[in-house]
Structures are given as structure tokens and as C-alpha cells.
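J.: First to last, the sequence lines map onto chains X and L. So for the first sequence, our numbering puts the first residue at 967; every next one is plus one. So for the second sequence, our numbering puts the first residue at 42; every next one is plus one. All C-beta atoms in this analysis are idealised placements derived from N, C-alpha and C, irrespective of residue type, glycine included. I'd like to ask some things about the structure below.
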Amino acid sequence: MEFNAPAGQNLFDRAKIVGKSTPRIDGPLKVTGTAPYAAERHGVAANQAYGWIVGSAIAKGRIRSMDLDAARRAPGVIAIVAATEHEPVGTSDYNYAPLFGGNEVSHYHQAIAVVVAETFEQARSAAGLIGTEYDRVDGSFDLASSKDGAPLASEGGSDFAKLGKFEEAFAAAPVKVDETYTTPDESHAMMEPFATIAAWDGPDLTLWTSNQMIHWGKQAMASILGMPEENVRVDSPFIGGGFGGKLFVRADAVMAALGAKAANRPVKIAMQRPLMFNNGTHRHATIQRLRIGAERDGRITAIAHQNWSGNITQKEGENGTLQTPKLYAGANRLIENRIAQLDLPEGNAMRAPGEAAGHLALEVAMDELAEKLAMDPVELRILNDASGTVPGDPDTKISDRHLVRCLREGAERFGWSKRNAVPGQQRDGRWLTGMGVAAGYRAGPTTKSAARVRMSADGHVTVETDMTDIGTGSYTIIAQTAAETMGLPLESVTVKLGDSSFPVSSGSGGQWGAASSTAGVYAACVNLRRMIGEKLNFDADAANFADGRATLDNQSWRIADAGELTADGEMNYGDFKDGYDVGTYAGHFAEVRVDAYTGETHVTRMLAVCDAGRILNPLSARSQVIGGMVMAAGATLMEDLHVDKRFGFFVNHDLAGYEVPVHADIPHQECIFLDTLDPVISPMKAKGVGELGICGPGAAVANAIYNAIGVRVREYPVTLDKYLDRLPPAA
Amino acid sequence: MPRMTVNERPLEFAMNPETPLLWALRDAANLTGTKYGCGTGDCGACMVLIDGEALRSCLITIAEAEGRFITTIEGLSRDRSHPVQQALVAQQAIQCGFCTPGIAIAAAALIQRNSDPSKEQIEAAVPNLCRCGVYPRLVAAIQQAGRVSRRQERISAAPAPGISGEDAARTVPAMVAPDVGTGPED
Ligand code: FES
Ligand code: FES
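Structure representation (C-alpha cells):
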């Protein structure tokens, strides 16, 4: 099916199931421990052996030798695949740093061997007997000292853009902000580690794994192992969190496949947690300089956002500028995104790549500008709201945008009027209290997505697509979409996901999954309706499908009477979308209290008012936004991969050292969805929200801390050591 | 060979007594509802009830578990009717679900001692990490579970039947029966 023009009236406008809060249909499996995640699929292949991955102990250099004798003789060891005895594996379009690289080491904890043994303990213990000698060479591990002279990530697009005359306009602006912000490296730290069971059957490889993008995974494995794509099957029905860390196949899959080949047995690997942080990908640290110039009435005349990050291959940095061309008006603009070469582990997408870090800078700079203007920060944002076309790209139309409503309704509900604009003035016993606001923007992309729907003789519909559910609620919204389109109750739909033998979907990433995968399911269901119509002799497109029947012109048919049918469908998007910027928008509010004596910060309230078109399932969408707000609070208050700048690795590479929010850190959180529809995105008029929730709340928390204590910390995370000595006098 | 009672059945593990209980449960007993998140006591994904107390099975060897009564998520209720399981579903305090078994165990232990916990008591008793961020909904769920256990409230949100993958799929028709191998208990 082609989506070639904005959606008009369609069946979703009178939706009975789509758009209604629907409890997650996979919930009962998850509360009973019976949802099968990758590492526990003991039934899929008999005689599974255990693999243990050995990571490089240096960040850069060469392996001189590996002594494998003792390990090979250790009890239970079946096979060892080691870098010194194996050609480097191939690369793919998705992973830049090699996952198993021969003697050349390109980052710390890169896989250099896998030990396969009868038991997990035997594999681990034998791995400890491998003696590896390295020739270590120095690398560049410090973004701040590597950033000078770093080239643009690319020449145009979102990496370099100029509009008007920024330098002149900024120089002439009566009120200006010129500040630099830094955000640290961060880890996805999803609760389920990378895990794969790999089994060979002749030339065929099956991977039961934990992966967000099944088709990418299949392509990547084929190209890494140099085998035909059709011989690879990837299956991933349940995923214990990904957040971008599982967009690509990782060393667990590659080493399990190599180990299984060597052992001639299925091999299971659940990556040990301490390897996750340096072996996997991470969100790159950024340095961001913001310059904003405004008239005295608050109107922005000049805005520049320069961003630096680094990566091992000098590709795919963390582009903090992404939201800046979109959010605020202003005639004179400059965007620069530069990328330095670093020898740290590979940086790559983590939940809202670019924007999550970018809001932490832009939205604090806006707060600083508001203060200089003596203007309310909500009003400043509203005054500079954009309409019609994208401020940084006037050739592109805005599809549907209600940011002002998000901010106004948020301010109203949050009690913003009670905020004291003068920082450090609000006391509640021993606490200094404050409120902060931020706007949020995250793109609402779509990508083509296919599905297959099968109707059984009794009229039950089964959907098959290689879409994944990473905790987002895909199972449920896909069931809702099929039920709605076919006019069936939810119970008459079964959903099967995550298997590469199913039609290729959008997968889960970049907040595109919900909108794209449901549109593909819709396309398949429309084809199924037409097949039913042909069989029973009516015009399916004109008929109304409800309660298991199709009705047209006073005639009615039981759809099950069409018998067993299978329909495929794919939603493709026409070029007309290129003329539009489809975005999701939010107003984020936060309230904090800071202990006037110890400087300890507690977030007390958070609110997000979101504009993301039709909300397919308000219950799971709310979970997604709130989950993003938790992660955003973590980014502002604690998350920080510490770089050892001598030896080039993340020091705090476990869950004890890498702090993420716990229960006691998270306060009352609320999320409200505006009742909007975006006809440009898809026939459903629905946009994703999984990443909007992390775009902005962190800045709202940082602004609230400033409002509470009157000290501005521009170096994330905002930990108390950075402001304790500057707290207002306590007494 | 350490012996203990797991989900009301006597079990003897023919394994090295130093094996962490987590791996014995998952790999030998095929009770895979108990998760590996870190192996070092930081996350709580591996929590099981040991003589009624929620403990991290990654930190306990099977030798230390000798003679004790272990309850895993699979044994919390025969038919997912435990108030905590019902309330987690009802409050949608589940996203990816990987932390969920550990949290259900921690919450069940809390409700057993104190069926009317405050937010602060819940925060202290349920330190489990959830990267999906279900925390605020969890407080509501655990308090609701407490009311259910005090018979002040009933929940109908969680369908009642057995806990095998097949059964779950039958009761929740929109879910496909997953590959759960031979099933956890038989
Ligand atoms: S696996 Fe036991 S606490 Fe994390
Ligand atoms: S639901 Fe995903 S970690 Fe808790």
C-alpha cells in the first residue's frame, strides 16, 4: 500500500479499539516468569553448551600471543575460538568497530575469544586460564583535548547549516547567552544483557537472541560471517530492554555462532554484565556551545548550536543539534556538528540519539536567556514558537505542531504560577525548592513495514511480522490495529513477532516502530479484507467491518465464511513526506528540592504534556513517556561513564558503579497526551512517543535545580560536588 | 549434593555446592523466570524467596541454600493469582518485563510482612533496578496488592488459568504460545 498524500477520513477516525487504553497482552506471561527471553530458550535446540566471551584488556594495539593450552585442558572445555587463530570477521553496515577483530584490538573489552564448555562455570573458569600478551599503543580517549580541529560529521544536512548572518546578528543582539555544556558518556544498561543461543544445521544458522531490528540483524550476521542472508534466521520474541543497545547484532551473537561452529553444538551466551559497558555501544559524550541572541522583548534573532562528540571510526556521533533547527524561530542561524576520532568503545544510538543530549544544552540555554531577559521561561518559548515551516529549514513544512498548548496546559496543571523567578529563594524547612521547564522535540519518522495476516476457518486472525516488542507494547498495539481493521474483538487476534521468517517490519528504533509497524499491519489487513470481499462478492473497501461481519448496503456477510485466507501487505511512504517535518512535541515540567545543608537533590514532581498525534494505546504510551522521564532524570542527576583517559575504557562498568535511577529517586510523574492527529505521518495519524519522553525532562530538572539553589551547573550530571560549595547560606 | 525444597518439591542438585543458586535454578531446574542481570547483587532480577525472605539468588550458593524452602516466580502461585502478580498486570507496572519476576518476589515478601506498606516502605523493601522505569506505577501496584491480600479489594484484570506458555496463550489469545521448552516444572 502506498501512502502518497496526507490521510483523510478513514476507519481509525471512528476507532473502537485503537486509541483505547488496552492492558498489555503480554503482561500475564511476564509476571509469571514464562515469557521466554533469549538465554532461557532451553527447548529450541538440544544439547546446548555454554560460551564465555573474553574481552581485550587493552584499548588499542595488538595481541602478541594467547596461551590457550591450559584453558583447552580445563575440565569441560569443548572448544575455544581465539583471535590469534581466527581471521577477523567481516563488518556490516550497522556495526563500525569489528566485533571480533583478529590480532588488532580496536577497543577495550572487544571480544578476543570465546570459550565453550559443558557448563557456564567451566567456561568461565577456563577463560581465566588464557594468558594474553599485548603490545599496547596509546590512543586518544579524551574528547575535550581531541575536539579542536575535528571535522564536520558531514558537509550538509543536519551536520552543517547556515541561515542568514549569524555572526552579525549575534553581535548586534542586545541580550545574549554564550555558554558551553558537556554531557558524559552514558550506557543503555538495559536489564537483560546481550544474549544469544546459536545453532547450525548444515549451512543454516539460527540465532535465538535479543535484538530490536530483526532484519538488520539477519543482514549483518550474513555479512559478518560471509554467508548468504537466506541461511540466517534471527528470532527474538521477547527483549528485556534495548534502548538502542540492541539495534545491532553484537559480540554475543557472533561469538555464539563461531563457538557453535567450532563445538559442533548449539552454544548459549549471556554476556557477563561487566563486559556490557565496554563491549557494547554507548551514548557518546558531547561538548555543546550555544549562542542565542534576542531582542529585549525576547524575540530570538540569532541562534548557533555547535556540537562535538567522538567515535572510534569518526562516524555516527551524538548530534546534539538535532532539535535546534526545529524548536525556535530566529532568522540568523548556525548549526555545526563535529566529530573527533576517539579510541573508546563504539558510540552509537541510545534512546533519542542526539536529541536526548541536545535538549540538556539548548533547553538550559533558553532558561539562561529567559533569566537575562527577566522573562518567564514558558513565555519565552511560546514567543519564539515556530509555525508553518521549520525555522532552520524554511523549505520544509511543519506537519502538525501544538507545542504552545503543551506548554500552556502543562504550566496550568503543574502550578507553574507558584514558581519564584528569583533563584535560591524558596525554602521549605531544610529544603531549597525550585521548578523548571523545558520544551521537547523528537522527530516522528516512519519507515516501510510489512506484515502477514492469516485468517483461520473460524475467523481468528494471526498477525506475523518481524517487528519486536522491547517493552514498548508492540504486541498490544498490533493486536489492536488488526482487530480494529478487521472488525474483530481483541481476543480474536494473535500476534507473532520477532522472527526473521516473517515479513520485514520497521523494527524498533528511533521512535518509528509504533507508527510504522501498525501501518504495515493495517496494509496487510486491508488486503485481507479485499480477499474476503472477493470471495464473498462484495466491495470490501466500501463495506463496514464490525463484530466479525462485513456490512454494505443493507447486506451483511460473516467474514469467517470466506474460509482460510492469508494476505501480505506493506506500507510504503511516498515522496510527499519529504516536504514535511513530522515531529513530536512536549512541555516538560519538574520540581526539585535540594537539601540546604548537604546539597542532596530530590526530584519531587515531573509532568510531561505530549503532542504526538493519535495515541494508539494511552496505557502503554504513558509507560513509555514515564520511562523516558526516569532515564532523563538519571541523565541529569547521576548517569556517567567515567573514562580512564590513560588506558581508554569506562571504569564503572557494572551496575554498582554505573548508577541508574532507583525507586527512591523517582517521584510522582504524570504524563498527559493532547488529543491531536497528524495526517502526514500515516493512515493512523499516530506518532511514536518512546523517545519524546527523554527529550527535555532532564533539562527541566536541571533548570529546577538552578531555580532552587541559584547555581548553574553546565557539566552533566548535576551532582552535588559541582555546587555544594556554592549553595546559598543555609541559616 | 545440596538438597532443598523448591516450589514445594524436594530437589537435590548434582552440582558443585559452590554453584550460585541462580544458575542451579535456571540451568539445572529450568526455572528460568529468575533472571541474571548482574550476578553481583546490584539489580535484584534474580530474587527468590528463601524461607519467605526475598534474597538475591546470584549471591547464595546451593550449599548455603541446603535445607531451605525456595520459592521462585514460577511457584509464587499456581495460576498467577498472587495479589502482586494480579496488581502488576492491573497497574501495567511491566514494560520489557525482565525485572518483573524479581520485583514480584520482593513485593510478595513485603506484602507477607506488611500488607499496608507506605511509599517509603515500598521503596526500601523493593530496591530492584528497572531500566524501563516502572517505579511510580509499582508503588500503586504493591499497595493495591496489599489491599487485595487484606481482602479489601478484588482484581479481575489478570486472567486466572495455569502458568505454562500454552495456557497463557490460550487465556490471552492475542499472545502466541512461546517456545518455553519442556516447561519449568515438569
Ligand atoms: S543478578 Fe542477582 S542481583 Fe543482579
Ligand atoms: S520492565 Fe524493563 S527493566 Fe523493568
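1. Which of the three DSSP states, helix, strand or coil, is assigned to X:H1608?
2. Considering only the beta carbon of each residue, do X:M1433 and X:S1472 sit closer than 8 Å?
3. Any heavy atom of ligand 1 within a distance shorter than 7 Å of the CB on L:R97?
4. Among residues of its own chain, excluding the 5 on either side of X:A1011, which ones have a beta-carbon nearer than 7 Å to its beta-carbon?
5. Please tell me whether, using a cut-off of 7 Å, the distance from the CB of X:M1157 to the nearest non-hydrogen atom of ligand 2 is below it.
6. Mind checking whether the beta-carbon of L:F139 lies closer than 7 Å to any heavy atom of ligand 2?
7. What residue ranges within the segment 1525 to 1557 of chain X form continuous beta strand (DSSP E) runs of no fewer than 3 residues, ordered along the chain?
8. So which residues of chain X does L:V130 contact, with C-beta pairs closer than 9 Å?
9. What are the residues in the segment 1000 to 1013 of chain X lying within 8 Å of chain L by C-beta distance?
10. Please confirm whether L:A181 has its beta-carbon closer than 8 Å to some beta-carbon of chain X.
11. Sorted by chain position, which residues of the same chain lie with C-beta nearer than 7 Å to X:A1597's C-beta, five sequence neighbours on each side aside?
12. Within 10 angstroms of the Cβ of X:V1617, are there 16 or more other Cβ atoms? Answer buried if so, exposed if not.
13. Could you have a look at X:M1650 and say whether DSSP puts it in helix, strand or coil?
14. Assuming X:G1283 and X:N1303 are in contact, meaning their beta carbons sit under 8 Å apart, how far apart are those beta carbons, in whole angstroms?
15. Indicate whether at least one CB of chain L lies closer than 8 Å to the CB of X:Q1477.
16. Along the chain, where does the alpha helix (DSSP H) that runs through L:P142 open and close?
17. With distance defined between alpha-carbon atoms, name the residue in X:P1002, X:V1427, X:K1462, X:S1440 nearest to X:I1498.
18. Compile a chain-ordered list of the residues in the segment 80 to 94 of chain L whose CB is closer than 9 Å to at least one CB of chain X.
19. Would L:L52 and L:S98 qualify as a contact pair, given that the criterion is a beta-carbon distance under 8 Å?
20. Taking contact to mean at least 3 C-beta pairs separated by less than 8 Å, is the segment 1238 to 1249 of chain X in contact with the segment 1150 to 1162 of chain X?
21. Note the first and the last residue of the continuous beta strand (DSSP E) segment covering X:M1421.
22. Say the cut is 7 Å; is the CB of X:I1647 nearer than that to a heavy atom of ligand 2?
23. By the three-class DSSP mapping on this structure, what secondary structure does X:Y1060 have?
24. Can you give me the C-alpha to C-alpha distance between X:R1732 and X:E1657, rounded to a whole angstrom?
25. Name the residues in the segment 156 to 175 of chain L whose C-beta lies less than 9 Å from a C-beta of chain X; which are they?
26. At the 8 Å Cβ level, is X:S1422 part of the contact set with chain L, yes or no?
27. With a threshold of 8 Å between beta-carbons, can L:R188 be considered close to chain X, or not?
28. How about L:G85: is its Cβ closer than 7 Å to a heavy atom in ligand 1?
29. With 8 Å as the threshold, decide whether the Cβ of X:S1589 is near any Cβ in chain L.
30. Using CA coordinates, which residue listed in X:E968, X:A1161, X:A1188 is at the minimum distance from X:G1056?
31. Do the CB positions of X:A1270 and X:F1132 come within less than 8 Å of each other?
32. Name the chain X residues whose beta carbon is nearer than 7 Å to that of L:C239?
33. Name the chain X residues that come within less than 9 Å of L:I103, Cβ to Cβ?
34. Listed in chain order, which residues of the segment 1628 to 1658 of chain X have Cβ atoms closer than 7 Å to some Cβ of chain L?
35. Under 9 Å Cβ-Cβ, which residues of chain X neighbour L:R192?
36. Are X:F1209 and X:P1649 close, meaning C-beta to C-beta below 8 Å?
T.: Checking against the coordinates, here is how it stands:
1. Position 642 of the first sequence, counted from the first residue, corresponds to residue 1608 of chain X. Coil.
2. Sequence index remark: in the first sequence, residue 1433 of chain X carries index 467 (1-based). Sequence index remark: in the first sequence, residue 1472 of chain X carries index 506 (1-based). Result yes, Cβ atoms of X:M1433 and X:S1472 sit closer than 8 Å.
3. Position 56 of the second sequence, counted from the first residue, corresponds to residue 97 of chain L. Yes, the beta carbon of L:R97 sits closer than 7 Å to at least one heavy atom of ligand 1.
4. On the first sequence, residue 1011 of chain X is found 45 positions in, with the first residue counted as 1. Cβ within range, chain order: I1163, A1165, P1232.
5. Counting from 1 along the first sequence, the entry for residue 1157 of chain X is found at position 191. For ligand 2, at least one heavy atom lies less than 7 Å from the Cβ of X:M1157.
6. Counting from 1 along the second sequence, the entry for residue 139 of chain L is found at position 98. Because some heavy atom of ligand 2 lies under 7 Å away, the Cβ of L:F139 counts as near it: yes.
7. 1531 to 1539
8. By one-based count along the second sequence, residue 130 of chain L stands at place 89. Near L:V130 (Cβ distances below 9 Å), the residues of chain X are P989, R990, G993, P994, K996, V997.
9. T1000, A1001, P1002, Y1003, A1005, E1006, R1007, H1008, G1009, V1010
10. Stepping through the second sequence from its first residue, residue 181 of chain L is reached at position 140. Not closer than 8 Å to any Cβ of chain X, the Cβ of L:A181 fails to qualify, so no.
11. Counted from its first residue, the first sequence places residue 1597 of chain X at position 631. The displayed chain sequence assigns Met, not Ala, to residue 1597 of chain X. So the qualifying residues of the chain are R1317, I1660.
12. On the first sequence, residue 1617 of chain X is found 651 positions in, with the first residue counted as 1. X:V1617 is exposed by the Cβ-count criterion.
13. Indexing the first sequence from 1 puts residue 1650 of chain X at position 684. Coil, per DSSP.
14. Residue numbering aside, residue 1283 of chain X sits at position 317 when the first sequence is read from its first letter. Residue numbering aside, residue 1303 of chain X sits at position 337 when the first sequence is read from its first letter. That pair is a contact at about 7 Å.
15. Position 511 of the first sequence holds residue 1477 of chain X. No, X:Q1477 lies away from the interface with chain L (no Cβ there is under 8 Å from its Cβ).
16. On the second sequence, residue 142 of chain L is found 101 positions in, with the first residue counted as 1. Taken as a continuous stretch (DSSP letters only), the alpha helix (DSSP H) holding L:P142 covers 141 to 154.
17. Against the first sequence, residue 1498 of chain X aligns to sequence position 532. Comparing Cα positions, the closest option is X:V1427.
18. Identification of residues in the segment 80 to 94 of chain L having a C-beta nearer than 9 Å to some C-beta of chain X yields G80, T81, G82, D83, C84, A86, given in sequence order.
19. Looking up residue 52 of chain L in the second sequence gives position 11. Looking up residue 98 of chain L in the second sequence gives position 57. In this structure, L:S98 does not lie closer than 8 Å to L:L52 by Cβ.
20. yes
21. Numbered from 1 along the first sequence, position 455 holds the residue referred to as residue 1421 of chain X. Counting along the chain, the unbroken beta strand (DSSP E) around X:M1421 starts and ends at 1415 to 1421.
22. Taking the first sequence and counting its residues from 1, the one referred to as residue 1647 of chain X is at position 681. Because no heavy atom of ligand 2 lies under 7 Å away, the Cβ of X:I1647 does not count as near it: no.
23. As a working note, residue 1060 of chain X is residue 94 in the first sequence. X:Y1060 falls in the coil class under three-state DSSP.
24. Only positions 967 to 1697 of chain X appear in this structure, which leaves residue 1732 of chain X out of reach.
25. E161, I163, E164, A165, V167, P168, N169, L170, C171, R172, C173, G174, V175
26. Stepping through the first sequence from its first residue, residue 1422 of chain X is reached at position 456. For X:S1422, the answer is no, since every Cβ of chain L falls outside 8 Å of its Cβ.
27. Here the question's residue 188 of chain L lines up with position 147 in the second sequence. Chain X contact via Cβ: absent.
28. Your numbering for residue 85 of chain L matches position 44 in the second sequence. The answer is yes for L:G85.
29. For this step, residue 1589 of chain X is matched to residue 623 along the first sequence. X:S1589 counts as touching chain L.
30. Walking along the first sequence from the start, residue 1056 of chain X turns up at place 90. Ranking X:E968, X:A1161, X:A1188 by Cα distance to X:G1056 puts X:A1188 first.
31. Taking the first residue of the first sequence as 1, we reach residue 1270 of chain X at position 304. Taking the first residue of the first sequence as 1, we reach residue 1132 of chain X at position 166. Against a cut-off of 8 Å, the Cβ pair of X:F1132 and X:A1270 comes out as a contact.
32. The displayed coordinates of chain L run from 42 to 227. Any statement about residue 239 of chain L would go beyond what the structure contains.
33. By one-based count along the second sequence, residue 103 of chain L stands at place 62. Simply none; closest approach about 12 Å.
34. V1628, H1629, A1630, I1632, H1634, Q1635
35. Along the second sequence, one-based indexing puts residue 192 of chain L at 151. Within chain X, no residue comes near L:R192; the closest Cβ sits about 21 Å away, beyond 9 Å.
36. Counting from 1 along the first sequence, the entry for residue 1209 of chain X is found at position 243. Counting from 1 along the first sequence, the entry for residue 1649 of chain X is found at position 683. Not a contact, by the Cβ cut-off of 8 Å.
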